[in-house]
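K.L.:
Each protein sequence line maps, in turn, to chains A and B.
Just so you know, we're using the numbering used here here: the first sequence kicks off at 1 and counts up by one.
Just so you know, we're using the numbering used here here: the second sequence kicks off at 1001 and counts up by one.
Number of protein chains: 2
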Amino acid sequence: MVTAKATSLDVARLAGVSQSAVSRVFSGASASEKTIAKVRAAADRLGYRPNAMARAMKSGESRIIGLLVAYLENHFYPVALEKLSNELQARGYHILIFMVPNNAEDIDGIVEELMDYQVDGIITASVSMSSNLTDRCAASGIPVVMFNRAQDGTGLSSVTSANVEGGRKVAEFLVAGGHQRIAHIAGWEGSSTGRDRALGFRLGLADAGVPLLAEIDGMYAREHAAEATRTLMARPDPPDAIFVGNDHMAFAVLDVLRHELGYKVPGDVSVVGYDDVPLAAWAAYDLTTLRQPVKRMVDATVETMLGQIEDPARPAQKTEISGPLIMRGSARIPKGWTQ
Amino acid sequence: MVTAKATSLDVARLAGVSQSAVSRVFSGASASEKTIAKVRAAADRLGYRPNAMARAMKSGESRIIGLLVAYLENHFYPVALEKLSNELQARGYHILIFMVPNNAEDIDGIVEELMDYQVDGIITASVSMSSNLTDRCAASGIPVVMFNRAQDGTGLSSVTSANVEGGRKVAEFLVAGGHQRIAHIAGWEGSSTGRDRALGFRLGLADAGVPLLAEIDGMYAREHAAEATRTLMARPDPPDAIFVGNDHMAFAVLDVLRHELGYKVPGDVSVVGYDDVPLAAWAAYDLTTLRQPVKRMVDATVETMLGQIEDPARPAQKTEISGPLIMRGSARIPKGWTQ
DNA sequence: GAGTGTTTTGCAATCGTATGCAAGGGGCAG
DNA sequence: CTGCCCCTTGCATACGATTGCAAAACACTC
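Here's what the structure looks like:
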């Protein structure tokens, strides 16, 4: 007898109890066995389920997390999104997803919309927030966790991989491989990840006494990375190794090197990426890359988020998770290094 | 003066009007210029925005669309999701996203959760629904649109590409290319897309009088497709052309053919996929494939969805959109065929 | 200035649930 | 049996908005 939609009052009447009894049964408050049984029976008969909207309105907790994503083109994000959604779903939360247009101006409007829905928290994936926005969220007591991006100055929690350390590892790896002319096609310098990876990379090279041949901002975009590759290889002293700011760009670099310019990888040039998206393991690319441990990053994000929801007073928390270098076939492997 | 959170009543008091006046200003009902100005000013000062939850509860319209997705591993879905989200956002709707676990049993529970949120509609992406579920949605008057999958018998709207026609086009293309031993690694036979593409392909071959060498269900999974490829190539009469049920599997097929078994593509074997995900155009794969016009499919999905929300009496609508064959480098191009 | 018609506005009820409060009921010790 | 305490239960209210209704304000015409 599943009619249009039953309310707690309908159930109450059918069960012969008060509406509050029904509410108590479904919100886990205390009730006698007898009442619980009667209510459950009636609810089943009517197909009743509590109205999440009404519940949210009354309690002020929507159990919805707003997710801001800039682009899904880079496979890292779909993968993260999938895990994030599963994890939150398991904890009884759900994701209201918002794509952020490239023009960073509109983001304020988007966040406003988010807040209209009384979201319990906001997770941003590779999105920066204006300080104005940060303040609003703080004022409303809405926790924010930045995933795969950090932002100094703001009091926001963030979860990233250990980007400086990661950049450094790549530098050590390339130096150990005996490369002489090392270049970097960097992640967007407007992002903390791009800057940190580049910084770590430069530090690592400096420590080894190897100069950085060139650095070009690839903007995390295929086209920019491809163009940067052409520029680099057109030099009189083209690089014999390129560290690329993320896998997504590295694929473009490999495409240009192999299929457009006819270079051998890693024979002529070694290429190293960053992320270790699934595609990096596919034979066509077989990309050596520094892995971002998505699962652990997601777990940390969820923990931080729920922690702050439970205790709004908890201070912001910046988590860095380090990942291993995954050696595959796109870069010469130094003697003695093993997986 | 952005305090915790202002309600319409706060605004009303500050503006010196009634709470209903505030409501009317923000819901676009008629009001005098003077009132509008006063309310707007007060609202700005308080940082007031209407509470979407409360609005949803009262009006019964949440302006939220539930989206059920099975997996994001196949790039077709992130791309579609991005467009879908943008499109709906532009129309004032938002997406509550749910990942459906592989065990199809749980899907009922997921849909229940969806309905708890009073979603205005449900879009499923490559997910099948039990008839039980279908009934519940119908009973609740919640429109459902299936994206990239159709289901007979249910009265549900669906938007797909013209899969039978598409399969046929591929058959004609391969036959025209002079291939003799043509095999098919099919999409999951439990899905309408997989079945229809295979059906069209067989029909096309039959019309041309060319036999189908073999057909294996690739389950839309990389590993299955890879294994199927090994099986096919181990035959005494290995195929000289393989039509693969979607790009995602086709990449695995190419990886195995080229890097594991050492075949030349398209020299030894031609490979054709289905979808035309961005990756298909990248040089490393350069995959000939039948394009599913995502943009148009998404548009149709949104139109159908909103149409049914506006007028619940509107009958279900099955849309099929045909796409072109995109000729790239993974399959021999018949003489005289041009892009 | 009175009469008529059209807006504008406020009052109050309502959506479906949660919860403080006080009354009711049951169990147990004395 | 009485008294005390604790667990259940129902009543009534609140959450923040929308909306029907009727009174009030306004605009015009005669």
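Note that CB positions come from ideal geometry on N, CA and C, so glycine has one too.
DSSP beta-bridge partners for G121(A)?
P.N.:
In the DSSP output, where bridge partners are listed per residue, G121(A) has I65(A).
K.L.:
What residues match up with I182(A) in a beta bridge as DSSP calls it?
P.N.:
According to DSSP, which records beta bridges pairwise, I182(A) is partnered with L212(A), A241(A).
K.L.:
Per DSSP, M146(A) forms a beta bridge with which residues?
P.N.:
Paired residue(s): T124(A), S158(A).
K.L.:
Can you give the beta carbon distance from A12(A) to A21(A), rounded, assuming they're within the 8 Å contact cut?
P.N.:
That pair is a contact at about 7 Å.
K.L.:
Flag this pair as yes or no: are the beta carbons of L1212(B) and R1202(B) separated by less than 7 Å?
P.N.:
The answer is yes: Cβ separation under 7 Å.
K.L.:
Unbroken beta strand (DSSP E) runs of length 3 or more, entirely within the region 1029-1091 of chain B: which are they?
P.N.:
Fully enclosed beta strand (DSSP E) runs of 3 or longer: 1064-1069.
K.L.:
Taking only three categories from DSSP, how would you classify K295(A)?
P.N.:
Helix at K295(A).
K.L.:
Put V175(A) into one of helix, strand or coil per three-state DSSP.
P.N.:
DSSP places V175(A) in helix when its eight states are reduced to three.
K.L.:
DSSP puts R1193(B) in a beta bridge; with which residues?
P.N.:
Per the sequence shown, residue 1193(B) should be read as Thr rather than Arg. Answer is none; T1193(B) lacks a bridge partner.
K.L.:
For I1216(B), which residues from the same chain have a beta carbon less than 6 Å from its beta carbon, with the 5 sequence-adjacent residues on both sides left out?
P.N.:
Around I1216(B): I1185, A1228.
K.L.:
Could you check whether the Cβ of N86(A) sits closer than 7 Å to any Cβ belonging to chain B?
P.N.:
So, interface residue.
K.L.:
Just the Cα atoms here: how many angstroms apart are M1146(B) and S1085(B)?
P.N.:
Their backbone Cα atoms lie some 15 Å apart in a straight line.
K.L.:
Starting from T304(A), follow its DSSP beta bridges and name the residues at the other end.
P.N.:
Beta-bridge pairing links T304(A) to no other residue.
K.L.:
Could you tell me which of D1010(B), N1051(B), S1126(B) sits nearest to R1045(B), measuring between CA atoms?
P.N.:
It is D1010(B) whose Cα lies nearest to the Cα of R1045(B).
K.L.:
So, helix, strand or coil for K1005(B), using DSSP?
P.N.:
If DSSP states are grouped into helix, strand and coil, K1005(B) belongs with coil.
K.L.:
S30(A) to I36(A), Cα distance in whole Å?
P.N.:
Taking the straight line from one Cα to the other gives about 9 Å.
K.L.:
Just reading off the beta strand (DSSP E) that E1260(B) is part of, what are its end residues?
P.N.:
Note, E1260(B): premise wrong, no beta strand (DSSP E); not H, not E.
K.L.:
Go ahead and label G66(A) buried or exposed: buried means 16 or more other beta carbons lie within 10 angstroms of its beta carbon, across all protein chains shown.
P.N.:
Per the 10 Å Cβ criterion, buried.
K.L.:
Would you check if the distance between the CB atom of A56(A) and the CB atom of M1053(B) is smaller than 7 Å?
P.N.:
Cβ atoms of A56(A) and M1053(B): closer than 7 Å.
K.L.:
So the candidates are S1126(B), G1047(B), V1119(B); which of them puts its Cα closest to the Cα of N132(A)?
P.N.:
The residue with the shortest Cα to Cα distance from N132(A) is G1047(B).
K.L.:
According to DSSP, is S1270(B) helix, strand or coil?
P.N.:
Strand, per DSSP.
K.L.:
Report the CB separation of A139(A) from L68(A) in whole angstroms; it is logged as a contact under 8 Å.
P.N.:
At roughly 18 Å, the Cβ-Cβ gap does not stay under 8 Å, so A139(A) and L68(A) are not in contact.
K.L.:
Anything in the region 1237-1269 of chain B with a Cβ closer than 9 Å to a Cβ of chain A? List those residues in chain order, please.
P.N.:
So the list reads F1251, A1252, L1254, D1255, V1256, R1258, H1259, E1260, given in the order they occur along the chain.
K.L.:
Starting from the C-beta of V1002(B), find all residues in its chain whose C-beta is less than 8 Å away, skip the five residues before and the five after it, and write them out in chain order.
P.N.:
Note on V1002(B): pLDDT 48, under 50, position unreliable in the model; no value is reported.
K.L.:
Under 8 Å Cβ-Cβ, which residues of chain B neighbour K5(A)?
P.N.:
Neighbours of K5(A) on chain B, chain order: S1140.
K.L.:
When the distance is taken between beta carbons, is T289(A) closer than 7 Å to D299(A)?
P.N.:
Their beta carbons are not under 7 Å apart, which means D299(A) does not touch T289(A) by this criterion.
K.L.:
Counting contacts by CB-CB distance shorter than 7 Å, is I1326(B) in contact with chain A?
P.N.:
With 7 Å as the cut-off, I1326(B) does not count as an interface residue toward chain A.
K.L.:
What is the rounded straight-line gap between the Cα of G177(A) and the Cα of K295(A)?
P.N.:
Their Cα atoms are separated by approximately 30 Å.
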